[in-house]
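Read through the structure below, which is laid out as structure tokens, and then see the notes.
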Amino acid sequence: MEETAKKDDSINPILKAGEEKDIGNDGLKKKLVKEGEGWETPENGDEVEVHYTGVLIDGTKFDSSLDRGTPFKFKLGLGQVIKGWDEGIKTMKKGENATFTTPPELAYGESRSPPTIPPNATLQFDVELISWTSAKDICQDGGVFKKILVEGEKRQNPKDLDEYEVCLEDGTLVSKSHGVEFTVGDGYFCPAFAEAVKTMKKGEQVLLTVKPQYAFGEDGRSAVDSEGAVPPNATLHIALELVSWKSVAHITKDKKILKKILKEGEGYLRSYNGTMVQVKLIGKLEDGMIFVKKGKRVMMRGHLSSKLMKSLYEVVLNWMTFVAGQVIDGLEKTVKTMKKGEHALITIQPEYAFGSSESQQELAVIPANSTVNYEVELVSFVKEKESWEMNAPEKIEASGKKKEEGNVLFRAGNIERASKRYEKAVRYIEHDYSFNHEEQQQSKLLKVTCNLNNAACQLKLKDYRQAEELCTKVLELEKAVIKKALEIDPGNREFKMGYRVLKEKMREYNKKDAQFYGNIFAKMNLQQANEAKQEQRTPMIIDSKA
Numbered sequence: 143m144e145e146t147a148k149k150d151d152s153i154n155p156i157l158k159a160g161e162e163k164d165i166g167n168d169g170l171k172k173k174l175v176k177e178g179e180g181w182e183t184p185e186n187g188d189e190v191e192v193h194y195t196g197v198l199i200d201g202t203k204f205d206s207s208l209d210r211g212t213p214f215k216f217k218l219g220l221g222q223v224i225k226g227w228d229e230g231i232k233t234m235k236k237g238e239n240a241t242f243t244t245p246p247e248l249a250y251g252e253s254r255s256p257p258t259i260p261p262n263a264t265l266q267f268d269v270e271l272i273s274w275t276s277a278k279d280i281c282q283d284g285g286v287f288k289k290i291l292v293e294g295e296k297r298q299n300p301k302d303l304d305e306y307e308v309c310l311e312d313g314t315l316v317s318k319s320h321g322v323e324f325t326v327g328d329g330y331f332c333p334a335f336a337e338a339v340k341t342m343k344k345g346e347q348v349l350l351t352v353k354p355q356y357a358f359g360e361d362g363r364s365a366v367d368s369e370g371a372v373p374p375n376a377t378l379h380i381a382l383e384l385v386s387w388k389s390v391a392h393i394t395k396d397k398k399i400l401k402k403i404l405k406e407g408e409g410y411l412r413s414y415n416g417t418m419v420q421v422k423l424i425g426k427l428e429d430g431m432i433f434v435k436k437g438k439r440v441m442m443r444g445h446l447s448s449k450l451m452k453s454l455y456e457v458v459l460n461w462m463t464f465v466a467g468q469v470i471d472g473l474e475k476t477v478k479t480m481k482k483g484e485h486a487l488i489t490i491q492p493e494y495a496f497g498s499s500e501s502q503q504e505l506a507v508i509p510a511n512s513t514v515n516y517e518v519e520l521v522s523f524v525k526e527k528e529s530w531e532m533n534a535p536e537k538i539e540a541s542g543k544k545k546e547e548g549n550v551l552f553r554a555g556n557i558e559r560a561s562k563r564y565e566k567a568v569r570y571i572e573h574d575y576s577f578n579h580e581e582q583q584q585s586k587l588l589k590v591t592c593n594l595n596n597a598a599c600q601l602k603l604k605d606y607r608q609a610e611e612l613c614t615k616v617l618e619l620e621k622a623v624i625k626k627a628l629e630i631d632p633g634n635r636e637f638k639m640g641y642r643v644l645k646e647k648m649r650e651y652n653k654k655d656a657q658f659y660g661n662i663f664a665k666m667n668l669q670q671a672n673e674a675k676q677e678q679r680t681p682m683i684i685d686s687k688a
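Counting with my numbering, you get residues 143 to 688 for the letters of the sequence shown.
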């Protein structure tokens, strides 16, 4: 992340050629001789290259890189030079020339530097900053410095994959590998790896300087197989290249569904509940056993031109097509995060897969409590029509499909999801004023069936008030149908009798309602005491056809 905070003027003063100002509060002074280029200055950890001449306050020269004809290189802020240099040179721009007057406390102090520098000497350095190579303090605590050797692509924030070479400070090779894949959250080799990779771009090559706290600490590490030992409190130099990376995401908050994207999809649209999706997939157990395979490829010969030039092309057969509720929860949740054309690896733990029961699948039996892996490609998906886009027959058909999905989910034990399907089924046909007589009869049957089935869901979920309201809706629906019939044929004795019977049922229902809720807590205690028996008494699901 780029540094956005402005540096304090007392630390990095703005000077014109010939001006002199204090740097900090410890007596260091800087006089600008020649302005540099741009606005960037080096930071701690950067490898800087300078020419310099050092003199005592009386003008006696004691050292000069110019006399040797070779620029001096060091890493800024790591204590490799006197403190006055660490503080002064990080205020310079590329090509800048400045004179630093350095008090003893920021130079050699009482210890002096024989034979030319006496104790407690104030020194002057004429310094030209030739260039520097950035080395970022990526942990902001001096533990890991990153020097970029080769810039990577513009995209960043990787999750996987590196090539690396690790050496001790003396150059001893400790470890080397090509194409190692790991998840950043889990780390690899030493803590510095994960910290560094998070800052890199694809194709980037870096040199890391890693302090012990991000390496192997005070214990070091014994030799492992072909890898050398790391002594206690060793600083490491790691050459690292980010070869490639794949996006990895947890689909649920409990981190029991993991998706790794092998190929990005197109656009920004994703599927959602009720969308008809078409996928190619392979399902495997953790031991590699394939239990389902959809989207087989058959190689066929075809002609590409009138010249009868032959070529091979693929015809993909046997797609897997499904809507919500027809596959395991983990697969459904993940596919809803995918874009058209996306190709991903999915790891699903038992809670979102086949649970605690053995399950016979297309090609193999899945043992109880199995974690499963899918390789999935989302070929296409078809957006579900909104209710307002449908005519009456389409609404009735859509309502019937949602009811069937709810039935499948209920039988599979997915009670909350089943309830939502029944609710959506009713919403499709909630307003049936434009329906003809036959369509209204179909709509009524669906409403009654879905509301009663939803009431069964609420009983399982122990939401008794909601169950009561759904049953009341059914009674009111029956009442409304009979009242409308009487308006059309007031003299019909059969309708009159039905109306009287229904009113009597509603009076009895309301009378028992108070008693029901008066005893509800006692019943709940009974249910908890006999949980196993209650689970076997599953409310009946109505499966009538509209």
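Cβ coordinates follow ideal geometry from the N, Cα and C atoms, glycine included.
Enclosing alpha helix (DSSP H) for residue i [first to last residue]
i    : result
L174 : Note, L174: premise wrong, no alpha helix (DSSP H); beta strand (DSSP E) at L170 to K176.
P208 : First, the residue type needs correcting, since residue 208 is Leu and not Pro in the sequence shown. Residues S207 to R210.
Pick from the options that is closest to residue i, judged by C-alpha positions
i    : options                   : result
S276 : L315, V339, E191 and F214 : E191
A554 : C592, H573, S499 and Q600 : S499
K217 : E346, D367 and K278       : K278
K235 : E536, K436 and I156       : I156
E611 : E620, K621, N593 and K604 : N593
A376 : I393, Q355 and V390       : Q355
I403 : M431, T341, G370 and G483 : G483
E238 : F358, S273 and K544       : S273
I224 : D209, E493, D361 and S253 : S253
D574 : Q584, E618 and K566       : Q584
V477 : E428, F496 and T394       : T394
L198 : L411, P246, D188 and V507 : P246
W387 : G345, V352, H579 and V316 : G345
E295 : L384, F335 and V286       : L384
E526 : R412, Q600, M342 and E189 : R412
Per DSSP, cross-strand counterpart(s) of residue i
i    : result
T489 : L400 and N515
I508 : S501
R363 : V372
Y194 : V269
Y330 : C332
K525 : According to DSSP, K525 bridges with nothing at all.
F613 : What sits at residue 613 in the sequence shown is Cys, not Phe. DSSP, once it has assigned bridges, lists no residue as partnering C613.
Span of the beta strand (DSSP E) around residue i
i    : result
D471 : Element bounds for D471: not the beta strand (DSSP E) but the alpha helix (DSSP H), D471 to V477.
G160 : Element bounds for G160: n/a, residue is neither H nor E.
G425 : M418 to L427
K225 : From DSSP, K225 is part of no beta strand (DSSP E) but of the alpha helix (DSSP H) over K225 to I231.
N239 : N239 to T244
T351 : Q347 to V352
I432 : I432 to K436
E247 : Neither: E247 is in no beta strand (DSSP E) and is coded neither H nor E.
L382 : L378 to E383
Rounded separation between residue i and residue j - CA only
i    : j    : result
L378 : C332 : 10 angstroms
I470 : C309 : 48 angstroms
G542 : R563 : 10 angstroms
M442 : E519 : Note on M442: pLDDT 36, under 50, position unreliable in the model; no value is reported.
E677 : K602 : Unreliable positioning characterises E677 in this predicted model, as indicated by a pLDDT of 47, which lies under 50. A coordinate reading is not provided.
Y330 : E337 : 10 angstroms
L588 : N595 : 10 angstroms
D304 : L423 : At D304, the pLDDT of 49 sits below 50, so the modelled position is not reliable; the number obtained from the coordinates is stated separately. Approximately 28 angstroms, taken between the alpha carbons.
N511 : N549 : 24 angstroms
F552 : R559 : 8 angstroms
S206 : T195 : 4 angstroms
I231 : L291 : 22 angstroms
E406 : I399 : 19 angstroms
A240 : A159 : 9 angstroms
S522 : S319 : 39 angstroms
A249 : P257 : 15 angstroms
S389 : E177 : 45 angstroms
G219 : G201 : 28 angstroms
Q608 : V568 : 15 angstroms
E618 : V590 : 10 angstroms
G444 : G437 : Note that G444 has pLDDT 38, beneath the 50 cutoff, so the model's placement of it is unreliable and the number below is only indicative. Spanning the two alpha carbons is a distance of roughly 20 angstroms.
K621 : T614 : 10 angstroms
N186 : K353 : 14 angstroms
A391 : T489 : 11 angstroms
V348 : G285 : 16 angstroms
C599 : F496 : 21 angstroms
V524 : S317 : 51 angstroms
D429 : V514 : 10 angstroms
Near the ligand HEM: residue i beta-carbon under 7 angstroms from a heavy atom
i    : result
L350 : Absence of the ligand HEM is noted for the structure shown, with no ligands found whatsoever.
C-beta neighbour in chain B for residue i, strict 8 angstroms
i    : result
E252 : Structure shown: chain B not included; a single protein chain is present.
With a floor of 4 residues, list each alpha helix (DSSP H) that falls wholly inside the region 547–591, ordered by position along the chain. Taking only runs of at least 4 residues, the alpha helix (DSSP H) segments lying wholly in the region 547–591 are 557–570.
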